[in-house]
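Participant:
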Amino acid sequence: MSKNYCCMTFSKIKTTKQMISSYKHNMRIFDVANADPARKHLNHEIIGSQGDYVQIYEDTLAELHMHGGQKKAVRSDAIKELEILLTYTRDANSSINQKDWEKANLEWLNETFNPPGRMATCKDPVTGEEHSFQTNNVQAVITHNDESNPHIHAIVVPVNAKGNISASDYINGRDKLIHMQTSYAEKMKQFGLERGETGSLLTHQQISRYHNEIKNVVEAKMPDPELDESIDEYRYRCDDVLINVLANKKKDMDQAMQRLNQEHARAIKAEGLLEKVTLEYETRLREMNESMQKMQTSHEQELQEAITKSSERESKITHQLNKLARATGYDEVNESMLREVRHGYNKAKHLESAIQNTEDRDNADFVQDMIDHLLSEEKVRRRKEKELQQTKEGCEHQNS
Numbered sequence: 344m345s346k347n348y349c350c351m352t353f354s355k356i357k358t359t360k361q362m363i364s365s366y367k368h369n370m371r372i373f374d375v376a377n378a379d380p381a382r383k384h385l386n387h388e389i390i391g392s393q394g395d396y397v398q399i400y401e402d403t404l405a406e407l408h409m410h411g412g413q414k415k416a417v418r419s420d421a422i423k424e425l426e427i428l429l430t431y432t433r434d435a436n437s438s439i440n441q442k443d444w445e446k447a448n449l450e451w452l453n454e455t456f457n458p459p460g461r462m463a464t465c466k467d468p469v470t471g472e473e474h475s476f477q478t479n480n481v482q483a484v485i486t487h488n489d490e491s492n493p494h495i496h497a498i499v500v501p502v503n504a505k506g507n508i509s510a511s512d513y514i515n516g517r518d519k520l521i522h523m524q525t526s527y528a529e530k531m532k533q534f535g536l537e538r539g540e541t542g543s544l545l546t547h548q549q550i551s552r553y554h555n556e557i558k559n560v561v562e563a564k565m566p567d568p569e570l571d572e573s574i575d576e577y578r579y580r581c582d583d584v585l586i587n588v589l590a591n592k593k594k595d596m597d598q599a600m601q602r603l604n605q606e607h608a609r610a611i612k613a614e615g616l617l618e619k620v621t622l623e624y625e626t627r628l629r630e631m632n633e634s635m636q637k638m639q640t641s642h643e644q645e646l647q648e649a650i651t652k653s654s655e656r657e658s659k660i661t662h663q664l665n666k667l668a669r670a671t672g673y674d675e676v677n678e679s680m681l682r683e684v685r686h687g688y689n690k691a692k693h694l695e696s697a698i699q700n701t702e703d704r705d706n707a708d709f710v711q712d713m714i715d716h717l718l719s720e721e722k723v724r725r726r727k728e729k730e731l732q733q734t735k736e737g738c739e740h741q742n743s
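Residue numbers 344 to 743, in this note's numbering, belong to the letters of the sequence shown in order.
#1: Roughly how many angstroms lie between the CA atoms of D395 and D595, to the nearest whole one?
#2: Hey, M351 and I427: beta-carbon distance below 8 Å or not?
#3: Based on DSSP bridge pairs, tell me the residues matched to C738.
#4: According to DSSP, what are the bridge partners of S354?
#5: When DSSP labels each residue in this structure, what does Q477 get in the three-state scheme?
#6: Alpha carbon to alpha carbon, what distance is there between P501 and P459?
#7: Please classify L544 as buried or exposed, where buried requires at least 16 other C-beta atoms within 10 Å of its C-beta.
#8: Alpha carbon to alpha carbon, how far is S654 from L664? Give it in angstroms, no decimals.
#9: In terms of residues, what are the limits of the alpha helix (DSSP H) holding E454?
#10: Determine whether the Cβ of M531 lies closer than 8 Å to any Cβ atom of chain C.
#11: Applying the criterion that 16 or more other CB atoms from any shown protein chain within 10 Å of the CB defines a buried residue, is V469 buried or exposed?
#12: According to the neighbour-count rule (16 or more other Cβ atoms, all chains shown, within 10 Å of its Cβ), is E529 buried or exposed?
#13: Compare the C-alpha of A483 against each of A416, S365, E537, H686 and name the closest.
#14: Indicate whether the contact test is met: 3 or more Cβ pairs, each with one atom in the stretch 476-494 and one in the stretch 374-394, closer than 8 Å.
#15: Determine whether the beta carbon atoms of K536 and A497 lie at a separation below 8 Å.
#16: Output needed for T474: all residues of its chain with C-beta closer than 6 Å, excluding positions within five of it in sequence on either side, in chain order.
#17: Taking the alpha-carbon positions, what's the C738 to E678 distance?
#18: Secondary structure at A435, three-state DSSP: helix, strand or coil?
#19: So the beta strand (DSSP E) E702 belongs to, where does it begin and stop?
#20: So, using beta-carbon positions, are Q413 and I514 closer together than 8 Å?
#21: Would you give the residue range spanned by the beta strand (DSSP E) that H494 belongs to?
#22: Just tell me which of M370, S491, K355, E472 has its CA closest to the CA of D379.
#23: On the premise that T359 lies in contact with V417, defined as a C-beta separation below 8 Å, what is that separation, rounded to the nearest angstrom?
#24: For N347, name the three-state secondary structure that DSSP assigns.
#25: Measuring only the C-alpha atoms, how far is E623 from L617?
#26: Is it buried or exposed, Q524, if we count other Cβ atoms within 10 angstroms and call 16 or more buried?
#27: Cα-Cα, which of A510, N689, N377 is closest to D489?
#28: Can you list, in chain order, the stretches of the beta strand (DSSP E) that have 3 or more residues and sit fully within the stretch 608-675?
#29: Can you list, in chain order, the residues of its chain whose CB lies under 7 Å from that of A707, leaving out five sequence neighbours each side?
#30: How far does the alpha helix (DSSP H) with E462 in it reach, from first residue to last?
#31: Just mark M635 as buried or exposed, buried being the case when its beta carbon has 16 or more other beta carbons within 10 Å.
#32: Please report the distance separating the alpha-carbon of L646 from that of K659.
#33: Whose C-beta lies closer than 6 Å to the C-beta of E736 among residues of the same chain, with five residues either side of it excluded?
#34: Find the nearest neighbour of D443 within the set D512, L520, Q533, R685, judged by alpha-carbon distance.
#35: Kindly list the residues whose CB is nearer than 6 Å to the CB of K446, restricted to its own chain and excluding five residues on each side of it in sequence; keep chain order.
#36: Following the continuous alpha helix (DSSP H) through I363, name the residue where it begins and the one where it ends.
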């Protein structure tokens with residue numbers, strides 16, 4: 344009797360782009376190559392997600408902060424979510440009650456990807472006292488029945504017992520991974536499923552390919568019996584054909600396995616390169632934002648300095664105009680005062696030009712002397728007038 348196997352694999356989700364892509368795949372927002380659209384209605388959520396997988400992560404992080412957990416910022420290259428894939432070999436389909444199988448898988452997920460007792464302990468951000476709160480790391484679980492074999496996708500936000508997001512508490516190290524596979528196999532024993540060989544790299548897709556190869560061998564064309572041929576002779580001839588077919592299939596499968604391992608190695612290398620490029624892009628974007636912020640701050644400072652200098656110049660001009668207004672007998676600067684000053688300035692310029700350009704130098708010198716004399720007398724008169732005004736104001740102050 345052939346054996347039926349259970350299969351558990353996981354993938355690491357580190358970026359928002361990966362979260363969105365996984366959500367769209369699991370919710371069939373875009374067409375999936377090996378899924379039958381006519382069977383899409385058979386898919387169903389065991390645990391419905393509250394928003395997409397980005398929202399799930401952000402809500403979990405906010406809840407941790409509320410309880411005083413995750414005090415340090417999560418690194419950009421950290422594992423933020425785990426996607427768990429659970430399935431079994433196709434031959435077991437007819438013997439498994441899917442509802443019971445889904446229930447057992449959900450129990451195993453909660454036991455495996457939550458801290459002990461599903462409780463985390465950290466210091467309250469308000470009181471500073473240690474307190475415990477319940478965790479719910481298994482945030483979304485969906486069953487797909489629209490592909491060749493039923494399987495479950497589960498999204499886990501790996502919160503540890505200290506209230507921090509830490510995938511290493513669950514998947515770091517060979518011993519933890521082996522224990523995870525063993526505990527899953529123990530949970531699946533009730534359905535007649537066994538675990539694969541320890542250390543095997545086989546995935547459920549590779550197992551399906553292997554089964555297809557066996558099917559092709561079984562359906563290989565056997566020779567027709569010859570006249571007067573005994574049953575043993577015919578069996579031997581058929582055995583020769585089958586051995587040749589198996590030998591060729593084994594060679595093809597070995598080559599296919601070699602290609603799969605090479606593809607696996609390239610995928611790991613590509614994932615590392617993608618993470619490196621993503622990190623470089625995020626670093627460059629952060630540097631550009633910082634540079635733009637500095638430029639904006641510098642421009643604001645320059646603008647403020649220009650406004651201050653303009654205000655100072657305006658204040659000086661206003662002061663000079665008020666001084667000029669008082670000198671011309673006005674209380675404040677107005678249009679009438681400016682016209683009078685402009686008119687007097689023009690007359691003075693014309694008089695100065697006439698004195699400089701006249702050929703009658705004697706009269707010119709006489710006029711210049713008279714002007715200087717009159718300006719001197721006007722200066723003396725203004726000084727005496729000012730002194731008299733100050734004396735008058737002093738007397739009035741004494742009398743009051």
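Glycine included, every Cβ here is placed at the ideal spot set by N, Cα and C.
Facilitator: Per the coordinate set shown:
#1: 42 Å
#2: yes
#3: Answer by DSSP bridge pairing: none, since C738 is not bridged.
#4: E426
#5: strand
#6: 13 Å
#7: Low confidence applies here, because L544 scores a pLDDT of 45, under 50, leaving its location unreliable; read the following figure in that light. L544 is exposed by the Cβ-count criterion.
#8: 15 Å
#9: 441-455
#10: The question asks about chain C, but that chain is absent: this structure has only one protein chain.
#11: exposed
#12: exposed
#13: S365
#14: yes
#15: The sequence shown places Leu at residue 536, rather than the Lys named in the question. No, the pair does not count as a contact, with Cβ atoms beyond the cut-off.
#16: Before going on, a small fix: residue 474 reads as His here, not Thr. The answer, listed in chain order, is D467.
#17: 36 Å
#18: helix
#19: No beta strand (DSSP E) contains E702, which DSSP labels as neither H nor E.
#20: no
#21: 494-499
#22: S491
#23: In fact, because the Cβ distance is near 12 Å, the residues do not count as touching under 8 Å.
#24: strand
#25: 10 Å
#26: buried
#27: N377
#28: none
#29: I698, T701
#30: As written in the sequence, residue 462 is Met, which differs from the Glu given in the question. Element bounds for M462: not the alpha helix (DSSP H) but the beta strand (DSSP E), 462-466.
#31: exposed
#32: 20 Å
#33: none
#34: Q533
#35: none
#36: 359-369
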